[in-house]
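To keep things clear, I will list the structure first and then write my remarks on it.
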């Protein structure tokens, strides 16, 4: 218990010590790497996922690539890309590794969102004379948005965790407290850094959960509410 008290006292001390960045700056660095990397992954993965979901082609290849990317060790990938990019481009190498790790979740969310749509809805759109672009933009994208946000949520949490170990190559963020604390044997710093990372991940997870609920179309919410009401309604008397 004393360890947690010491860790919380270290967090609120206002001075992390050991020449490290202030906690507020470290949080901003952590968020900067996270959101920048997820944004790049979204630009790459969402169009590809929507193409797969709309046409139904390439799903097996996407699943294979996503599964292989998920199996890559995060720490090993960062070190490999640092060697490839060079020590003068550590930030670029780290961002590239974060993007690679975020793409599978975003890609899966993008095409799964479109695949989950009732085909009768899409057929009705075609029957009214809508073009394929109109079907994608006015039917598939809005209806598939909740699962896309779920993919972004999973990718963001993956990157938040990975940015922590990127401090090993001197990129800052909240991981610097854990890496430095281990070297200095300052357990309160290590535990405090871990608590900060966990708190940041929980906040982001809650934010994306709220967004995921908010983007569900009102028609689907109403239909779900009606179904729930019917299930709870007693059966009519014979």
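Residue numbers (my numbering): 0 to 237.
Even for Gly, the Cβ is constructed at its ideal location relative to N, Cα and C.
Every value quoted in this text rests on a predicted model; they were computed, and no experiment measured them.
When you compare each of the options to residue i by their alpha carbons, which one comes out closest?
i, options, result
"residue 208", "165, 38, 151, 75", "151"
"residue 66", "35, 99, 37, 54", "99"
"residue 122", "31, 163, 53", "53"
"residue 118", "14, 63, 138", "138"
"residue 27", "12, 163, 86", "163"
"residue 183", "93, 15, 11, 3", "15"
Helix, strand or coil: how does DSSP classify residue i here?
i, result
"residue 9", "helix"
"residue 141", "helix"
"residue 103", "helix"
"residue 237", "The pLDDT assigned to residue 237 is 41, lower than 50, so where the model puts this residue is not dependable, and the model offers no usable value."
"residue 124", "helix"
"residue 255", "With the chain represented from 0 up to 237, any question about residue 255 goes unanswered, as that position is not in the structure."
"residue 115", "coil"
"residue 184", "coil"
For residue i versus residue j, is the C-beta distance shorter than 7 Å?
i, j, result
"residue 203", "residue 155", "yes"
"residue 97", "residue 91", "no"
"residue 108", "residue 146", "yes"
"residue 189", "residue 101", "no"
"residue 25", "residue 172", "yes"
"residue 142", "residue 44", "no"
"residue 165", "residue 77", "yes"
"residue 39", "residue 89", "no"
"residue 191", "residue 9", "yes"
"residue 120", "residue 214", "no"
Task: Segments of 4+ residues assigned as alpha helix (DSSP H) that fall wholly inside the region 12-85 - done: 22-54, 58-69, 73-84
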